[in-house]
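Input: a single structure, listed below in structure tokens.
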Amino acid sequence: MRDGRYVPRTIFVDTDPTTIEEAKCDLLRSLFNPLCFFNGKEEAASNYARGRFILGADLIEPIIDRIRQEVEATDNCQGFVVNHSIGGGTGSGLTVRIMEHLTNEYCKAIKYLSTTVVDPYNAVLHCGFNVPNSNMTVMMDNSAIMGLLSRHLQIEKPTVVFLNRLIAQIQSNFFCGFHYNGDPICSTMEEVTTNLIPFPELHYIYVRHAPIVPARRHDYQIHNNPPEDIVKAALKPQFNTLSADKYTRSKIIATVLSFRGVAAGWQRALASTILQSKMNQSMNIVDWCPTGVKVAVHAVPPLKPVPESCLTESPINLTMIINGTVTIQRALQTINAQFNRLYERRCFVHWFVGEGMEEGEFAEASGAVSEVIEQYRNAEMAEE
Numbered sequence: 000m001r002d003g004r005y006v007p008r009t010i011f012v013d014t015d016p017t018t019i020e021e022a023k024c025d026l027l028r029s030l031f032n033p034l035c036f037f038n039g040k041e042e043a044a045s046n047y048a049r050g051r052f053i054l055g056a057d058l059i060e061p062i063i064d065r066i067r068q069e070v071e072a073t074d075n076c077q078g079f080v081v082n083h084s085i086g087g088g089t090g091s092g093l094t095v096r097i098m099e100h101l102t103n104e105y106c107k108a109i110k111y112l113s114t115t116v117v118d119p120y121n122a123v124l125h126c127g128f129n130v131p132n133s134n135m136t137v138m139m140d141n142s143a144i145m146g147l148l149s150r151h152l153q154i155e156k157p158t159v160v161f162l163n164r165l166i167a168q169i170q171s172n173f174f175c176g177f178h179y180n181g182d183p184i185c186s187t188m189e190e191v192t193t194n195l196i197p198f199p200e201l202h203y204i205y206v207r208h209a210p211i212v213p214a215r216r217h218d219y220q221i222h223n224n225p226p227e228d229i230v231k232a233a234l235k236p237q238f239n240t241l242s243a244d245k246y247t248r249s250k251i252i253a254t255v256l257s258f259r260g261v262a263a264g265w266q267r268a269l270a271s272t273i274l275q276s277k278m279n280q281s282m283n284i285v286d287w288c289p290t291g292v293k294v295a296v297h298a299v300p301p302l303k304p305v306p307e308s309c310l311t312e313s314p315i316n317l318t319m320i321i322n323g324t325v326t327i328q329r330a331l332q333t334i335n336a337q338f339n340r341l342y343e344r345r346c347f348v349h350w351f352v353g354e355g356m357e358e359g360e361f362a363e364a365s366g367a368v369s370e371v372i373e374q375y376r377n378a379e380m381a382e383e
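Counting along the sequence shown from 1, when you hit position 356 you're at 355 in numbering that gives the first Met the number 0, and nothing is skipped either side.
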């Protein structure tokens, strides 16, 4: 707490000073500790090596010191949630440098990554070298989330502001159990990872979120979308946050359905709907994973959407957290294929080598991503 009010334990980092200055001037700036904003003097120029080895070298010490202070102020640090892109030089390179520190200094703490897939080199280099540093990686991409905004909120030209507001709403629901002593299934990071990650290699997940209702629907009430209809909606790819989720034949290794705002009287209806979905294979679950489907019910209603989100307030929502086979394979195969098209011609490799990398690290990272793809393929084949 600071000055008698709660302050998020959040640290903002960018090598580019412009974005940090914008954050300091944001409508919600008063929520955060001004000592937790860090920026460099120039951007990483979409270069993983520059973000990790050159600009990262100047920023890492004050960031590490601030992390230490934040951890020391906690009674029990469960882990770290890291939101970043993997397409730019800062999001891919500097994040790996920070994650290496977290792994070395806080090896027992759980690390969650929430990523946005964009640039092939940076994406593959990040994924390849960060595999041992993350307990669970939540994959999202701009294209899928822009589709949600266009499809459900009728926003013709969504901006990054709208995108971030929707992600914030989804993340608030994701971590509801941590903040409000909610359902034991989602009350700690350890519980979530235990339920979703059967093996350390299979730690990539994605989410679906429903309902998504435009702000102009001021008359929206629970009877417009009863919980069982929300479950059916979340099972449809139209509510995905990852473009590869359109492949409906993807089997689900494990999933947690996290409901927020559900009254006790609705739980029987929810159980019936989920059972029916499993029977008609709307929810295609593998047989070999013991956790399968878990349902977390939090009575705490969803937070009122922040300004400029274009979302209306909903009395109930659902975030479906999924570890799937084909979906994750396709997402990683896509960025690996884009990477290979560039690397076959050695396009721009000299930019990265000039910033401290060795050329062999490109093949090493791509090989690590291919190994993860193979692990998910084996998980799918185990059903046959």
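Where a beta carbon is used, it is the ideal one built from N, C-alpha and C, also for glycine.
Can you give me the C-alpha to C-alpha distance between residue i and residue j, rounded to a whole angstrom?
i    : j    : result
K107 : Q153 : 44 Å
E357 : A364 : 12 Å
A295 : G86  : 33 Å
F361 : T158 : 33 Å
S149 : F238 : 12 Å
F338 : F177 : 37 Å
N129 : V95  : 6 Å
A253 : Y375 : 13 Å
V305 : A167 : 9 Å
L165 : G355 : 37 Å
T290 : I169 : 23 Å
E370 : G92  : 21 Å
L58  : P225 : 49 Å
N75  : E69  : 11 Å
P16  : L54  : 12 Å
F198 : L302 : 33 Å
A233 : P183 : 22 Å
S276 : M282 : 6 Å
L101 : R215 : 43 Å
E41  : A270 : 53 Å
V6   : R65  : 15 Å
V117 : H83  : Only weak support exists for where V117 lies, its pLDDT of 39 falling under 50; the coordinates are left without a value.
T9   : L34  : 10 Å
G260 : C185 : 15 Å
E155 : L241 : 20 Å
G3   : S45  : 41 Å
In the DSSP output, which residue or residues are listed as bridge partners for residue i?
i    : result
F79  : K110
N239 : R207
I229 : Note: I229 sits in no beta bridge, so no partner.
T254 : V292, I321
L310 : P213
N316 : R259
H178 : The partner list for H178 (beta bridge, DSSP) is empty, contrary to what the question assumes.
H125 : Looking at the DSSP assignment, H125 forms no beta bridge with any residue, so it has no partner.
Could you check what DSSP says for residue i in three-state terms: helix, strand or coil?
i    : result
F351 : helix
M188 : helix
A362 : helix
I327 : helix
L234 : coil
E370 : helix
V130 : helix
P213 : strand
V159 : helix
F11  : strand
T18  : helix
L269 : helix
T136 : strand
H100 : helix
I154 : coil
H202 : coil
R164 : helix
R345 : coil
I284 : strand
Report the option in the options whose CA atom is closest to the CA atom of residue i.
i    : options               : result
C346 : T318, E379, P119      : P119
E373 : P289, T324, K156      : T324
F37  : K23, N46, Y47         : K23
V292 : V299, G3, I284        : I284
N121 : Y47, P225, P314       : Y47
I196 : T187, C288, E71, P131 : C288
I321 : D25, M139, M380       : M139
D286 : P213, A233, E379      : E379
A143 : V12, H208, T9, L317   : H208
R49  : K235, A381, W350      : W350
I204 : A56, L112, F258       : L112
L317 : L30, L341, Y179, K231 : K231
Write down every uninterrupted run of the beta strand (DSSP E) in the stretch 29 to 96 whose length is 3 residues or greater and which is fully enclosed by it, in chain order.
Here the runs fully enclosed are 36 to 38, 78 to 82.
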